[in-house]
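Numbering follows full-length UniProt numbering, with no gaps: position 26 of the sequence shown is 26.
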Amino acid sequence: MFRTHPPRFALASVAIWSALCLLTLVIVWRCWSQSTPSLRYLSIIEIALTVSLGALLWMHLPRALQWQPRRSVRPSPELQAERKRIARDLHDHVGSQLVGAMALLDAAVPAQAQALRALEQCLLDLRLVVDSMDGNDESLPERLARLRHRMQPVLERQGIQVVWDVDCPSDATPPVGERAAHLACIAQEALSNVLQHSGATQVQVRMVYVPDRGHWQLDISDNGTGLPTELAWSSWGRGLTGMQERAKLARGRLHLLRPQRGGTCVRIVLPCADSASPGHSP
Numbered sequence: 001m002f003r004t005h006p007p008r009f010a011l012a013s014v015a016i017w018s019a020l021c022l023l024t025l026v027i028v029w030r031c032w033s034q035s036t037p038s039l040r041y042l043s044i045i046e047i048a049l050t051v052s053l054g055a056l057l058w059m060h061l062p063r064a065l066q067w068q069p070r071r072s073v074r075p076s077p078e079l080q081a082e083r084k085r086i087a088r089d090l091h092d093h094v095g096s097q098l099v100g101a102m103a104l105l106d107a108a109v110p111a112q113a114q115a116l117r118a119l120e121q122c123l124l125d126l127r128l129v130v131d132s133m134d135g136n137d138e139s140l141p142e143r144l145a146r147l148r149h150r151m152q153p154v155l156e157r158q159g160i161q162v163v164w165d166v167d168c169p170s171d172a173t174p175p176v177g178e179r180a181a182h183l184a185c186i187a188q189e190a191l192s193n194v195l196q197h198s199g200a201t202q203v204q205v206r207m208v209y210v211p212d213r214g215h216w217q218l219d220i221s222d223n224g225t226g227l228p229t230e231l232a233w234s235s236w237g238r239g240l241t242g243m244q245e246r247a248k249l250a251r252g253r254l255h256l257l258r259p260q261r262g263g264t265c266v267r268i269v270l271p272c273a274d275s276a277s278p279g280h281s282p
């Protein structure tokens with residue numbers, strides 16, 4: 001409470017200090033009337049320390065009483081600048097080293113091809129992290145555009161056709177900021193699963209606004225092998241657990257579907273109202 005409500009902490013400190021002053025005066029009065037000169041000197045020191053503590057307390061009291069909780073969830077300019085610096089360093093140093101390591105490998109050599117693919121995935125993940133650090137105020141369509149720029153070439157090199165259908169009506173406000181960041185990360189994880197595990201030849205990313213229900217819907221669906229029927233929702237792995245957590249943080253709901261045509265569909269339903277309750281559905 002004291003860390004989040006400095007005025008209460010300041011007033012409580014003043015009350016405690018006032019009680020300490022009264023107790024000190026009583027003790028000093030008794031010492032001066034009944035004790036030896038040495039105890040009187042100690043009493044003087046005690047009074048000096050109490051007064052010094054009170055002076056420091058009163059110096060900081062006005063600032064503490066004027067404190068107000070932060071009304072904006074946007075990071076401060078200093079934090080934004082630090083994020084950009086870290087993103088730039090990651091891109092310039094770690095990214096260049098990965099590119100250099102990839103240049104040393106030959107995809108035609110089977111023993112090196114697997115290592116090359118792993119480095120390509122690392123470089124892709126790094127670029128996506130840098131993109132996420134550099135776009136704090138972006139809307140979900142803007143973040144999906146960044147994701148498309150990074151992921152589509154990789155997917156197409158693996159023979160997976162990508163269909164993007166992002167519809168953002170002018171009269172609807174898409175998710176922005178942290179909510180958009182969580183949704184973009186879910187889409188990224190779903191596309192990574194398509195790339196690594198699905199055996200699909202096509203994947204579709206579809207974002208629509210459903211005015212009748214007052215929510216946004218983001219689907220990432222593929223035509224791959226789909227999910228085994230015995231696969232439980234709670235045991236689909238760390239990737240799904242992370243998507244569930246991000247959906248809750250975005251105040252949305254995550255659905256894992258098996259379309260009739262086959263494949264897998266990861267669906268995120270995001271109510272527009274801030275009062276929407278988070279959750280997930282199997």
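All residues carry an ideal CB built from backbone N, CA and C; glycine is no exception. Fair warning: this is a prediction, and the values are worked out from it, not measured in the lab.
Check whether M243 and L191 have beta carbons under 8 Å apart: The answer is no: Cβ separation not under 8 Å.
- prompt: Quick one: what's W216 bridged to in DSSP?
  reply: Bridge pairing for W216: Y209 and L270 [DSSP].
message: Tell me which residue opens and which closes the alpha helix (DSSP H) that Q161 is part of.
response: Note, Q161: premise wrong, no alpha helix (DSSP H); beta strand (DSSP E) at Q161 to V166.
- prompt: Would you call the segment 197-205 and the segment 172-181 touching, i.e. three or more CB-CB distances under 8 Å?
  reply: No contact exists between the segment 197-205 and the segment 172-181.
task: Less than 8 Å between the CB atoms is what I'm expecting for T264 and D222, so what's the real figure, rounded?
output: The pair is a contact, with the Cβ atoms about 6 Å apart (cut-off 8 Å).
field: Pairwise C-alpha distance: V210 and W216
entry: 6 Å
query: Over what stretch of residues does the beta strand (DSSP E) that includes R150 continue unbroken?
result: Where R150 is concerned, there is no enclosing beta strand (DSSP E), although the alpha helix (DSSP H) it sits in stretches over L140 to R157.
task: Sort L11, L140 and Q121 by Cα distance to Q158 and report the nearest one.
output: Q121
query: What are the start and end residues of the alpha helix (DSSP H) that includes L254?
result: Taken as a continuous stretch (DSSP letters only), L254 belongs to no alpha helix (DSSP H), being part of the beta strand (DSSP E) at R253 to L257.
query: For the candidate residues I45, A103 and V14, whose alpha-carbon lies nearest to that of A55?
result: V14
message: Going by beta-carbon coordinates alone, are A107 and A113 separated by less than 8 Å?
response: yes
Boundaries (first-last residue) of the alpha helix (DSSP H) holding H182: Note, H182: alpha helix (DSSP H), G177 to N193.
message: Using 8 Å as the threshold, is the C-beta distance between R246 and I186 below it?
response: If you check the CB distance, R246 and I186 come in under 8 Å.
task: Report the three-state DSSP secondary structure of V94 (helix, strand or coil).
output: helix
field: Anticipated Cβ contact below 8 Å, V130 with A103, distance rounded
entry: For a cut-off of 8 Å, the C-beta gap from V130 to A103 is around 20 Å, too long to register as a contact.
field: Opposing strand residues paired with S221 [DSSP bridges]
entry: Q204 and C265
message: Can you look up V130 in the DSSP assignment and give me helix, strand or coil?
response: helix
message: One question on the structure: do L119 and L98 come within less than 8 Å of each other, judged by their Cβ atoms?
response: yes
- prompt: DSSP state of A81, grouped into three classes?
  reply: helix
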